[in-house]
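Numbering (full-length UniProt numbering), first residue to last: 1 to 439.
Backbone N, C-alpha and C define an ideal beta-carbon position, used for all residues, glycine too.
In what follows, a structure is listed as structure tokens, so that the remarks can point back to it.
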């Protein structure tokens, strides 16, 4: 199945798939609950795509597979990634994909077997049935959330004689009690467990030990990813992400549910003034251009329109966008994007430069807008925003608040660009007024 999708399974994925699909002589699944815990970049999504599609085919008419992750938005993004791989493969003509906000699903033509995304809420599966349930990024759920989610899943399997649940995740934090308890039960032999990670006592700089425990290194990943990631992550977060070691704390700047509330899948307005924000990461390996327009109610809506892996070509794109759509592009010249501002100027872009003090006040405003009830900014769903919010940290300078380009756990260029774009929308020049002539 995975070869048909263009992504042959690695040895660890083959082992996991064999355990997930292991049956007795009567064809009944041996493991109704399977827990998988592996480091980041191990190929979880590829494994899940193959398993879910295989299950759809095996279930036949009326089969139901459900997928969820830490938030509804993230679950939809992950399903889209799986659907992209399937649509591009030789199996694409056999699958009908839907990508709507209320219906993200894959249906096997001819049988009607369907895999669908659902948010991780207690009432999300009310009235439904399921043959396979997948919970991704399970470390995210605290005990009340997890019990609510399992309370949604369990009744849907009651009339399905061969139902199964797969719970998959990287190790979590001190709040991930539910998931870590499942892993402990697996080590005690109470359930089926696939667990890859470093041994106790391995330090963040012991790259050979971390590489040896990472099931994708030597297959789809190279050991060089480790020192590169180590430079961007704290010691604890690096070991959690790449060694699959649980951390003692979790210092996320904004709770996922707050970000989720501000996230939308609605496109930018079809008409109206548009402005842009542009930013470059501290490492100069991630640049973002974000557009901003006002919705009908005046709320700023931001969307990532261009992303680059270096500063090359960014200024030209800024010039092209302002020339084609009008408006101006906002850049903070005191940061890494200063050279982009100069180059964009020379190429004819309309550039507005914001000093550190203005960027600081804009950052506070952007955070206030996200935290408001309801949010007073809307963020068009994109994995770049999801990753940036996961990584974001702040720094202070005197009484001023700033996005921390260097101190965040990854690139936050898209957040800085969005912050600048919202400020740029507020700072648009007033339209000229017709002169009044008095006689």
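Is there contact here, the region 231-251 with the region 380-390, by at least three beta-carbon pairs under 8 Å?
no
Give me the DSSP bridge partner(s) of residue 263.
379
Just how far apart, CA to CA, sit residue 66 and residue 106?
10 Å
Is residue 44 helix, strand or coil when you go by DSSP?
helix
Where residue 304 and residue 419 are concerned, what is the direct C-alpha to C-alpha distance, given to the nearest angstrom?
12 Å
What does the alpha-carbon distance come out to for the pair residue 277 and residue 331?
6 Å
What are the boundary residues of the beta strand (DSSP E) that includes residue 192?
192-195
In chain order, each beta strand (DSSP E) run of at least 3 residues that lies wholly inside the region 114-194
114-117, 132-136, 164-169
Determine, using beta-carbon pairs with one atom in the region 396-413 and one in the region 281-295, whether at least three such pairs fall under 8 Å.
yes
Neighbourhood of residue 375 by C-beta, 7 Å cutoff - its chain only, sequence neighbours within 5 removed
261, 262, 369
Under the three-state reduction of DSSP, which class applies to residue 223: helix, strand or coil?
coil
Whose CA, out of 60, 62, 102, lies closest to the CA of residue 75?
102
Extent of the continuous alpha helix (DSSP H) to which residue 362 belongs:
356-371
In whole angstroms, give me the CA-to-CA distance for residue 356 and residue 45.
40 Å
Suppose you measure from the CA of residue 126 to the CA of residue 148; what does that come to, to the nearest Å?
12 Å
Taking just the CA atoms, how far does residue 18 sit from residue 8?
14 Å
Taking its Cβ as the centre, do 16 or more other Cβ atoms sit within 10 Å of residue 63, making it buried, or is it exposed?
buried
Per-residue DSSP class, three states only, for residue 392:
coil
Locate the alpha helix (DSSP H) running through residue 322, then write down its first and last residues.
314-325
Cα-Cα separation, residue 405 to residue 28
52 Å
Count the other CB atoms within 10 Å of the CB of residue 249; is the residue buried (16 or more) or exposed (fewer)?
Any answer about residue 249 is weak, because its pLDDT of 48 lies below 50 and its placement is not dependable; what the coordinates show is given next. Result: exposed.
Spatial neighbours of residue 334 in its chain, beta-carbon cut-off 7 Å, leaving aside the 5 residues before and after:
355, 356
Nonlocal neighbours in the same chain, by C-beta distance under 6 Å from residue 177, ignoring five residues either side:
143
Taking just the CA atoms, how far does residue 192 sit from residue 289?
45 Å
Thinking C-beta only, is residue 314 closer than 8 Å to residue 291?
no
Based on Cα-Cα distance, which residue from 140, 39, 3, 392 lies nearest to residue 199?
39
How far does the beta strand (DSSP E) with residue 330 in it reach, from first residue to last?
329-331
Rounded straight-line distance, which links the Cα of residue 219 to that of residue 208:
15 Å
Which residues in the same chain have their Cβ closer than 6 Å to the Cβ of residue 71, if we skip the five residues on either side of it in sequence?
256, 260
Can the beta-carbon of residue 119 be found less than 8 Å from the beta-carbon of residue 165?
no
Taking 8 Å as the threshold (C-beta atoms), are residue 329 and residue 316 in contact?
no
Out of 58, 424, 47, 312, point me to the one whose CA is closest to residue 194's CA.
47
Tell whether a beta-carbon distance below 8 Å holds between residue 138 and residue 167.
yes
Alpha-carbon to alpha-carbon, residue 77 and residue 136
12 Å
Taking 8 Å as the cut-off, decide whether the C-beta atoms of residue 49 and residue 36 are in contact.
no
Which residues mark the beginning and the end of the beta strand (DSSP E) in which residue 414 is found?
It is not in any beta strand (DSSP E) - residue 414 instead sits in the alpha helix (DSSP H) that spans 413-426.
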